[in-house]
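Colleague: Sharing a structure here in structure tokens format.
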Amino acid sequence: MRVYVNLTVTEKSYSGKGETMCPSDGFVYFRNSELISGQLGKATLGEFTFSAPLLKLT
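Below is the structure:
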């Protein structure tokens, strides 16, 4: 079974000037588990610790 992620989220660096064409890449857009635009920040991915399992997005 394969799960596809469709997600739109704003990061801290989002400028508010257009979604997919944000100059600071603060608007993150996933479609069918593929990153279309933006940069994932620490808040979206979660805090990394060596004991936490890694999240596979592909």
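Residue numbering for the sequence shown follows this note's numbering, starting at 373 and increasing by one per position.
Ideal Cβ positions, reconstructed from N, Cα and C, are used throughout, including at glycine.
Just so it is clear, the structure is predicted and the values come from calculations on it, not from any experiment.
#1: Per DSSP, which residues does Glu406 bridge with? Please list them.
#2: Could you tell me the alpha carbon to alpha carbon distance between Glu383 and Glu406, rounded to whole angstroms?
#3: Spatial neighbours of Thr380 within its chain, please: C-beta separation below 8 Å, excluding the five flanking residues on both sides.
#4: Using 8 Å for Cβ pairs, my map puts Gly410 next to Asp397. What's the rounded Cβ distance?
#5: For a quick check, are the C-beta atoms of Tyr386 and Asn404 less than 8 Å apart?
Modeller: Short version:
#1: To locate residue 406, count along the sequence shown from 1; it is residue 34. Under DSSP, Glu406 forms a beta bridge with Arg403.
#2: Counted from its first residue, the sequence shown places residue 383 at position 11. Counted from its first residue, the sequence shown places residue 406 at position 34. Per the coordinates, the alpha-carbon of Glu383 lies some 17 Å from the alpha-carbon of Glu406.
#3: Taking the first residue of the sequence shown as position 1, residue 380 is located at position 8. These residues qualify, in order along the chain: Glu391, Phe399, Val400, Tyr401, Phe402.
#4: What you label residue 410 is simply residue 38 of the sequence shown in a count that begins at 1. What you label residue 397 is simply residue 25 of the sequence shown in a count that begins at 1. Beta-carbon to beta-carbon, Gly410 and Asp397 are separated by about 5 Å, close enough to satisfy the 8 Å threshold.
#5: Sequence index remark: in the sequence shown, residue 386 carries index 14 (1-based). Sequence index remark: in the sequence shown, residue 404 carries index 32 (1-based). Not closer than 8 Å, so no.
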